[in-house]
Amino acid sequence: MSAWRQKLVEMSYPLLRPWLFELEAETAHHWTLAGMRLGARCGLLAGEPPVVNPVEVCGLKFPNRVGLAAGMDKAGDAVDGFGALGFGFVEVGTLTPVAQAGNPAPRLFRVVSRQGIINRMGFNNPGIEAGMANVKGRKYRGMLGVNLGKNFFTPNERATDDYLAGLRGAWREADYVVVNLSSPNTKGLRDLQEAESARALIRALHAEQEILRQRWQKHVPIWIKIAPDLTPPQRESLTRVFMEEKLEGVIATNTTLSREHVEGLKHGSETGGLSGAPLTRRATETIASLAQQLQGSMPIIGVGGIMTAADAVEKIQAGAALVQLYSGLVYSGPALVRECIEALGGS
Ligand SMILES: Cc1cc2nc3c(=O)[nH]c(=O)nc-3n(C[C@H](O)[C@H](O)[C@H](O)COP(=O)(O)O)c2cc1C
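Residues in the sequence shown are numbered consecutively from -7, following my numbering.
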């Protein structure tokens, strides 16, 4: 984005934020998405992601190390707008094989005094086919991730079928695919992080990946996104499986079920996953333990409570190759993206 446009967009957020924060959280989210789509359509939000300390991960060339985390653009229809904020990669989804409405509203809450967000959206999304139709005509030139989930009505024993359907559907558009095993809002989903369930799933996905690679002459790396709430033994056995099965990457972390830091606060006891500042330390500690066990055998994508550029630097220092953010964008606006990119310039 040109410098003056960047300034305009950055300066408008502190003016818009009080109005957005007056609105119910999901309404504010819809207005934000509408703004991103409109901004892209009228040419205000345009331009290539800045090339700052680029890095090659899994054979993909990331222009910079800062990405948009899954869940902001679930339908993939605002990629150009978000991409114009500077993100080196944008992850759309979670997308499931069949469209679903998600949980009843209200299902999204701000814990403003702690810069936290609690959500129990429940994978509201238009389905993988519609999501991929949305991203198809994108102008965005950064990397595109597609985050996959299972439908709420699919029992865990059939979850593999949903992820395989997602993989097939995402293949042609995606630069990388994420298997989301860590949303707390789909009953039983996190149980798929149990070591042997994960092993069976990875094997099935790798077999399909090879078929798709030959058919389309294109390789799409598969990463798994994990929760910050695994006990150390659970995390260690899962990580061992990742290494044995030669998984290509791990995203750490999704939202937490912990209510540490928000107990007793307005909305602090809502059901769902907590993100933002209350998650920062827990996510960074997860990344550090993963890095110690993985010993560089696969990249870690660090996410969870990046509210300042210093938080992004800490994630990289803990062992992440790339970082993503969501809640920080809600609280600090587009300037945070530029600040993180700049701060990671010399990492
Ligand atoms: C409202 C909301 C919806 C989310 N939806 C998804 C999702 O569909 N899939 C997913 O993998 N993560 C989802 N996440 C989790 C984020 O991608 C991220 O892992 C988490 O919020 C921690 O990062 P943050 O503290 O920067 O927000 C969602 C987060 C929020 C706040």
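Glycine included, each C-beta is placed from N, C-alpha and C at the ideal position.
Taken from the Cβ of Ala327, every heavy atom of ligand 1 lies 7 angstroms or farther away. When the Cα atoms are used, Ala313 and Leu140 turn out to be separated by approximately 21 angstroms. The beta carbon of Thr178 is closer than 8 angstroms to those of Gly114, Phe115, Gly141, Lys142, Phe144 in its chain, skipping five residues each way along the sequence. When the five nearest sequence neighbours on each side are left out, the beta carbons in the same chain lying within less than 7 angstroms of the beta carbon of Asp154 are those of Thr88, Pro89, Lys142, Asn143, Thr146, in order along the chain. Under the three-state reduction of DSSP, Ser319 is assigned to helix. Within the chosen limit of 7 angstroms, ligand 1 reaches the beta carbon of Leu271 through at least one heavy atom.
Taking a 10 Å sphere around the C-beta of Pro224, we find fewer than 16 other C-beta atoms and assign the residue as exposed. Within 7 angstroms of the C-beta of Met113 there is at least one heavy atom belonging to ligand 1.
When the alpha-carbon of Lys131 is set against those of Arg207, Glu240, Ala70, the nearest one is in Ala70.
Per DSSP, the unbroken alpha helix (DSSP H) holding Lys307 starts and ends at 301 to 310.
Here Asn95 is not near Arg106, since their CB atoms are 8 angstroms or more apart.
Considered as a whole, the region 194 to 241 harbours 214 to 218 as its complete beta strand (DSSP E) runs of no fewer than 3 residues, in chain order.
Under a 10 Å Cβ-count criterion, Ser261 is classified as exposed, with fewer than 16 other Cβ atoms of the shown protein chains found around its own Cβ. Between the region 324 to 338 and the region 261 to 280, the count of C-beta pairs closer than 8 angstroms stays below three; the two stretches do not touch.
Inter-segment contact for the region 54 to 72 and the region 17 to 33 is present: three or more beta-carbon pairs are separated by less than 8 angstroms. For Leu156, the uninterrupted alpha helix (DSSP H) run begins and ends at 151 to 162, by DSSP. The beta carbon of Ala310 sits closer than 6 angstroms to those of Thr276, Ile279, Ala280, all from its chain and outside the five residues before and after it, given in chain order.
Looking only at Glu240, Asp221, Ala166, the smallest Cα-Cα distance to His198 is reached by Glu240.
Taken through DSSP and simplified to helix, strand or coil, Thr88 comes out as coil. Annotation for Phe54: Pro46, Val47, Gly80, Phe81, Met135, Leu314 place their beta carbon closer than 7 angstroms to its own, counting only its chain and skipping 5 residues before and after. Collapsing the DSSP output to three states places Tyr168 in a strand.
Looking at the backbone, the Cα of Leu204 and that of Ala196 are separated by about 13 angstroms. Three or more Cβ pairs drawn from the region 207 to 220 and the region 234 to 250 lie within less than 8 angstroms of each other, which places the two stretches in contact. Put simply, of Ala97, Gly137, Leu286, Tyr5 the residue whose alpha carbon is nearest the alpha carbon of Thr24 is Tyr5.
Distances from the alpha-carbon of Glu121 to those of Leu222, Gly85, Lys210 put Gly85 closest. Distance from the CA atom of Ala91 to the CA atom of Asn117, rounded to whole angstroms, is 6 angstroms. Cβ-Cβ separation between Leu317 and Val295: approximately 7 angstroms, consistent with a contact (criterion under 8 angstroms). Secondary structure note for Met135: its beta strand (DSSP E) is the uninterrupted segment 135 to 140. If you look at Leu181, you'll find it isn't in any beta strand (DSSP E); DSSP assigns it neither H nor E. Per the coordinates, the alpha-carbon of Pro42 lies some 30 angstroms from the alpha-carbon of Ala219. For a cut-off of 8 angstroms, the C-beta gap from Ala283 to Val233 is around 17 angstroms, too long to register as a contact. Nearest to Val103 by C-alpha distance, out of Ala304, Ala187, Leu257, Arg330, is Leu257. Contact annotation: Glu83 and Gly59 have beta-carbon atoms nearer than 8 angstroms.
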